[in-house]
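To start, the structure under review is shown below, and the notes come after it.
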Amino acid sequence: MRAALCQVGRRSLGPAGLNRAWAALLAAGPSLPVSRRTIYSETGVWERDYRAETRRRVEQWWHPLIKEHWRRRAPDDKSRQKFYVLSMFPYPSGKLHMGHVRVYTISDTIGHFQRMRGKQVLNPMGWDAFGLPAENAAIERGLDPEEWTKSNIEHMREQLDSLGLCFDWDREVTTCQPDYYKWTQYLFVKLYEAGLAYQKEALVNWDPVDQTVLADEQVDEHGRSWRSGAVVEQKLLKQWFIKTTSYAKPLLDALAELPEWYGVKAMQANWIGDCTGCYFDFRLKVDGEETGETLAAYTSTPEAVYGAAFLSILPSHRLLHGSSPVRPALQEAHVPGEDCLTSITAANLFTGQEIPLVISAKPEFEGHLDTIIGIPDTSVEDSAVARALGLTAVTVLETQPDGTQTLLHSGEFTGLNTADAFSAITQRARERDVGGHLSSSKLRDWLISRQRSWGTPIPIIHCQSCGPVPVPAEELPVLLPRLSSLTGKGASPLESALQWVHCRCPRCAGPARRETDTMDTFVDSAWYYFRYTDPHNGQRPFDRSLADYWMPVDLYIGGKEHAVMHLYYARFFSHFCRDKNLVSHREPFHKLLVQGLIKGQTFRLADSGQYLRREDVDFSGPEPVQAGTGRKLQVTWEKMSKSKHNGLDPQEVVKQYGIDTVRLYILYAGPPEQDILWDVKTDAIPGVLRWQARLWALVTRLADTRRTGGVPAPQLLSAQEKAEARRIWENKNYAVSQVTHHFTEDFLLNAAISRLMGLTNTLSRVSPRVVLHSVEFEEALAALCVMTAPMAPHLASELWAGLSQVKNRLSRGLQWDSHVLQQDWPSVDPEYLQTPDTVEVSVRINNKAYGSVSVPLGASRNQDEVRELVLRSQVGVQHLKERTIRKAILSPRAALINFLVED
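Numbering of the sequence shown is given in this note's numbering, commencing with residue 486 and proceeding in unit increments.
So this is what it looks like as structure tokens:
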């Protein structure tokens, strides 16, 4: 009977109705035994003590109800304000780690908060499912990588569910599914048609073990592969590229329009570089005959392009080492260590001028360039090369009496000053599609080819008659061949699948071959945020109206290790989609929150570097040593890893402490961008456990007081008690203001928890008569529970259920019969907004308390302003005037400033 009633209650009664049903059942007689170690939502009897068993029962009861509450959200309504919170989707390795728990706890918390503010929230989840790890794992196990990946996804989805995370699973995307990579291929074709995807020979980083190309960032400082550890080789291969350099300047300029990204904007700007020059396209000739070879060359002074005297390439250039038709002529002319004039000429497709090709004596150019335009008028070095080789150059710059320079012998641009010429020439080149896109010397195009079987097939067909031909949109997706068995790493499953490789040309119907390279997985993740807005669309990647409603992502959360490449590629795709009128927004992400690592303590033998398990360490002495041998150890904190024996299984941690405790710990242990050093003996777990117990005790106290103290009568409070109630009201409003700020602006969720702990302290010190007779205590406790709910939803749900049965409630306007996550987020009372907004900031000098100073609320988070106000105050004049201040530190968690001074 009890089980049946519980199920009915979960489905239809809601917390209050279920409580009433249980109360009626219990009042009917003692025949139904009720466990003393249970919770109010099950029995209608409030458990006074918050024990580990209580935590377990609370989470067991509320876990399915909270997920059902999230699933029963209102249908999409474009008239409502939206909030798109997105956490970087994981690779389905099959096992969550604590870094996953951190990023998804943050997104889940923000999602609940924004929904309580009345927003229509999108908080989706999916899988970055292609890539080499799955391929290698499948080979090692003799499995199809698709089956291995699917089983991992199922397991990880269950793990995420067990953590109480509320994602919009009806929008789930998986990049290795044809209904997803069809549209990755579609966007690639669009890039190809726009001239932004191309194939050329390139010297690449080759991993001889994993048999694939690596990006520069995947090679460590010792020249080894980030994954296999093999010494990386340089290999010349024909590769596919995406011309991201054409978008360098727009991507750089757009950073100024974005809010602060915790240092990531500077990283993006540094990655792109100063876009002061551009590329121009050239067509190569040998003895006056067209070769079909084109070359893009860079100049930092495009305004002087009509003064070009030669084109210069590095000795390592692909033209000297690959299969280019100009290779024999280049090799014949090349003398190592010298500037070599060749018989090859290069026709500038913008100016129409034909200039000679030179092999440079230099081993490298500035940045990542391998081809530059030599312009003697703007470069002393270029002038010296031209003189040494006997080359003549047209003078294109003339200095005027006022010091400005104007153009000579520059066609229609003659007479323009250099600034105007720069803009006009680059714009005209872009219009004619022969270059002109502003870029930097350090930026290279995106190499996307990967020699892997488990990736998105590049939708190109190679025809002897037509050349490379994109697969028509109606024939997409190009499906991966089914890989039922892989016998070894040396074999290429795609190459061996001849039936798949050999096909007909879509243009001439002649015999042709499919492209066997697959795309870098960064391509899959460069547009997934769009697909979440319309994940089941079979006609296009996404509907523009849906993308325009949800985009840009309001808050993007992920690791700082993706702050350069992934974000750059994702921003590039978004800019491209805007230019193709697929969306109206250019930038995909509004605010970015990068979270630090969760590190575990590692123990390494000092002499060999071998990692030890914690159980193999002797902690009995002053320093840890190896158990049994006494050998010295290096003790450090590192990213959690199985190989370093410092990892934690999230589900084991949850089993020990509970979901809410782990959530609160992760949010409280430090600001999101900082690393967390996990050590359960000294960290914040005891603190958050105590806080949960104190919240429970507050609800218990209010229920007991109202049950035994009689009918509350606010008019019976003395003047002193009314002043106490007034302070509760002020502290509540201050907490609402600060916590809301942390949830919306700086995302210092650790500071938000500290503020809630402060309000808890205030309520814990209240006298009994104020608890009984004041509406302020009741409303502050209700606000406290509501503000705790996004971070600890299970505990807050039970606390709210307990509050809902308190007798003789004084507060009005709260929806006591609704779930805590259905409550409106508390707002600051209008009267509080009209009072002088001040905060009492505690002043410490060398960590010793010296009083407090009242500062305006608006200045309370600004370290420089607080510092100056303290120095001008009585406390500052008395204790700091004659002292040398080395540093002032404003606490992000509390209203406190600490001055470090020289004694």
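All C-beta atoms in this analysis are idealised placements derived from N, C-alpha and C, irrespective of residue type, glycine included. As the structure is a computational prediction, the values presented were derived from the model and not from experiment.
- DSSP three-state assignment for TRP931, whether helix, strand or coil: Here residue 931 refers to the residue found at position 446 when the sequence shown is read from its first residue. Note: TRP931 maps to strand in three-state DSSP.
- Query: Whose CA, out of LEU1318, ALA1277, ARG1329, GLN1308, lies closest to the CA of GLU544?
  - Reply: The sequence position of residue 544 within the sequence shown is 59, counting from 1. Closest option to GLU544, Cα to Cα, is ALA1277.
- Task: Say whether the stretch 796–812 touches the stretch 765–779, bearing in mind that this needs 3 or more beta-carbon pairs closer than 8 angstroms, one atom from each stretch.
- Result: When C-beta atoms of the stretch 796–812 are compared with those of the stretch 765–779, three or more pairs fall below 8 angstroms, so the two segments count as touching.
- Tell me which same chain residues have a C-beta within less than 7 angstroms of the C-beta of SER934, skipping the five on either side of it? The sequence position of residue 934 within the sequence shown is 449, counting from 1. VAL698, GLN724, TRP725, ASP1002.
- Message: By the three-class DSSP mapping on this structure, what secondary structure does ALA501 have?
- Response: Here residue 501 corresponds to residue number 16 of the sequence shown, with the count starting at 1. The pLDDT assigned to ALA501 is 44, lower than 50, so where the model puts this residue is not dependable; a value taken from the coordinates is nonetheless given after this. In the structure shown, ALA501 sits in a helix (DSSP, three-state: H, G or I).
- Task: Would you decide whether HIS1279 is buried or exposed? Buried here means 16 or more other CB atoms lie within 10 Å of its CB.
- Result: Locating residue 1279 in the sequence shown gives position 794, counting from the first residue. Its Cβ being crowded by 16 or more others within 10 Å, HIS1279 is buried.
- Task: Helix, strand or coil for ILE844, going by three-state DSSP, please let me know.
- Result: Position 359 of the sequence shown, counting from 1, holds the residue named residue 844. Note: ILE844 maps to strand in three-state DSSP.
- Which residues in the same chain have their Cβ closer than 7 angstroms to the Cβ of PHE1007, if we skip the five residues on either side of it in sequence? Here residue 1007 refers to the residue found at position 522 of the sequence shown. For PHE1007, where only same-chain residues beyond five positions count, the Cβ hits under 7 angstroms are MET1050, HIS1051, TYR1054.
- Cβ-based neighbour list, MET752, same chain, cut-off 6 angstroms, excluding 5 preceding and 5 following: The residue given as residue 752 occupies position 267 in the sequence shown. When the five nearest sequence neighbours on each side are left out, the beta carbons in the same chain lying within less than 6 angstroms of the beta carbon of MET752 are those of ALA1048, VAL1049, in order along the chain.
- Query: Which residues bound the alpha helix (DSSP H) around THR594?
  - Reply: If you number the sequence shown from 1, residue 594 lands on position 109. Element bounds for THR594: 583–601.
- Query: Which class does LYS1065 belong to by DSSP, given the choice of helix, strand or coil?
  - Reply: For the purposes of this step, residue 1065 is identified with residue 580 of the sequence shown, where counting begins at 1. Coil at LYS1065, not helix or strand.
- Query: CB-CB under 6 angstroms to ARG1099, same chain, minus the five flanking residues each way: which ones, in chain order?
  - Reply: For the purposes of this step, residue 1099 is taken as residue 614 along the sequence shown, with counting starting at 1. Excluding positions up to five away in sequence, the list is empty.
- Would you call the CB atoms of SER926 and TYR1142 closer than 9 angstroms? Counted from its first residue, the sequence shown places residue 926 at position 441. Counted from its first residue, the sequence shown places residue 1142 at position 657. Going by C-beta atoms, SER926 is not nearer than 9 angstroms to TYR1142.
- Query: Enumerated in chain order, which unbroken segments of the beta strand (DSSP E) with a length of 3 residues or greater are wholly contained in the stretch 748–834?
  - Reply: Counting only runs of 3 or more, we get 762–771, 774–784, 795–798, 825–833.
- Query: Taking just the CA atoms, how far does VAL1355 sit from THR1369?
  - Reply: As a first step, residue 1369 must be located in the sequence shown, where it is residue number 884. As a first step, residue 1355 must be located in the sequence shown, where it is residue number 870. C-alpha separation (whole angstroms): 15 angstroms.
- Query: What are the boundary residues of the alpha helix (DSSP H) that includes THR856?
  - Reply: By 1-based counting over the sequence shown, the position of residue 856 is 371. Premise fails: THR856 lies in the beta strand (DSSP E), 856–859, not in any alpha helix (DSSP H).
- Using the DSSP secondary-structure output, state which residues sit across from THR659 in a beta bridge. Residue mapping note: residue 659 aligns to position 174 of the sequence shown, counting from 1. TRP612.
- Query: Do the stretch 1069–1085 and the stretch 745–759 meet, that is, are 3 or more Cβ pairs less than 8 angstroms apart?
  - Reply: yes
- Whole-number beta carbon distance between ASP1019 and ALA1011, since they are thought to touch under 8 angstroms: Taking the sequence shown and counting its residues from 1, one reaches residue 1011 at position 526. Taking the sequence shown and counting its residues from 1, one reaches residue 1019 at position 534. Wrong, their Cβ atoms sit about 17 angstroms apart, outside the cutoff.
- Where does LEU690 fall in DSSP's three states? For the purposes of this step, residue 690 is identified with residue 205 of the sequence shown, where counting begins at 1. Inspection of the sequence shows that residue 690 is occupied by Asn rather than by Leu. Reduced to three states, the DSSP call for ASN690 is strand.
- According to the Cβ coordinates, are GLN1307 and MET583 closer than 9 angstroms? Locating residue 1307 in the sequence shown gives position 822, counting from the first residue. Locating residue 583 in the sequence shown gives position 98, counting from the first residue. In this structure, MET583 does not lie closer than 9 angstroms to GLN1307 by Cβ.
- Message: Is it buried or exposed, ARG557, if we count other Cβ atoms within 10 angstroms and call 16 or more buried?
- Response: Position 72 of the sequence shown, counting from 1, holds the residue named residue 557. ARG557 sits exposed, since fewer than 16 C-beta atoms from the chains shown fall within 10 Å of its C-beta.
- Task: Give me the Cα-Cα distance between GLY1023 and ALA958, rounded to the nearest whole angstrom.
- Result: Position 538 of the sequence shown holds residue 1023. Position 473 of the sequence shown holds residue 958. Taking the straight line joining both Cα atoms gives about 12 angstroms.
- Message: I need the straight-line Cα distance from ALA1112 to LYS1140, nearest angstrom please.
- Response: Residue mapping note: residue 1112 aligns to position 627 of the sequence shown, counting from 1. Residue mapping note: residue 1140 aligns to position 655 of the sequence shown, counting from 1. ALA1112 and LYS1140: Cα-Cα distance of roughly 29 angstroms.
- Query: Taking all protein chains shown into account, do 16 or more other C-beta atoms lie within 10 angstroms of the C-beta of GLU1283, making it buried, or fewer, making it exposed?
  - Reply: Here residue 1283 refers to the residue found at position 798 of the sequence shown. It counts as buried.
- For CYS990, I'd like the list of residues in its chain whose CB is within less than 8 angstroms of its CB, leaving aside the five on either flank, ordered along the chain. To locate residue 990, count along the sequence shown from 1; it is residue 505. ILE946, CYS948, SER950, CYS951, VAL954, PRO996, ALA997.
- Message: Since TYR1034 and LYS563 should fall inside the 8 angstroms C-beta cutoff, what is the C-beta to C-beta distance between them, to a whole number of angstroms?
- Response: The residue you call residue 1034 lines up with position 549 of the sequence shown. The residue you call residue 563 lines up with position 78 of the sequence shown. Between LYS563 and TYR1034 the Cβ distance is about 5 angstroms, and since that is below 8 angstroms, they are a contact.
- Message: Considering only the alpha carbon of each residue, which of VAL1256, ASP855, GLU960, ASP824 lies closest to LYS667?
- Response: To locate residue 667, count along the sequence shown from 1; it is residue 182. Of VAL1256, ASP855, GLU960, ASP824, the residue nearest in Cα terms is GLU960.
- Message: Rounded to whole angstroms, what is the Cα-Cα separation between THR830 and GLN684?
- Response: Looking up residue 830 in the sequence shown gives position 345. Looking up residue 684 in the sequence shown gives position 199. Cα-Cα distance, rounded: 22 angstroms.
- For TYR666, which of helix, strand or coil comes out of DSSP? Residue 666 sits at position 181 when you count from the first residue of the sequence shown. Of the three classes helix, strand and coil, the one that applies to TYR666 here is helix, per DSSP.
- With DSSP run on the structure shown, which of helix, strand or coil describes ARG1297? The residue given as residue 1297 occupies position 812 in the sequence shown. Coil.
- Apart from the five residues on each side of it in sequence, which residues of its chain come closer than 7 angstroms, Cβ to Cβ, to PRO693? Looking up residue 693 in the sequence shown gives position 208. Same-chain partners within the cutoff: ALA715, GLU718.
- Query: On the three-state DSSP scale, how would you describe ALA906?
  - Reply: The residue labelled residue 906 in the question sits at position 421 within the sequence shown. Helix at ALA906.
- Query: Based on the DSSP secondary-structure assignment, which residues constitute the bridge partners of ASN1383?
  - Reply: Position 898 of the sequence shown, counting from 1, holds the residue named residue 1383. Answer is ARG1329, ILE1374.
- Item | the ligand FAD heavy atom lying under 8 angstroms from the CB of GLN1348 | With respect to the ligand FAD, the structure offers nothing, as it holds no ligand at all.
- How should GLY1155 be labelled, buried or exposed, when 16 other C-beta atoms within 10 angstroms of its C-beta is the threshold for buried? One-based indexing of the sequence shown puts residue 1155 at position 670. Buried, by the Cβ-count rule.
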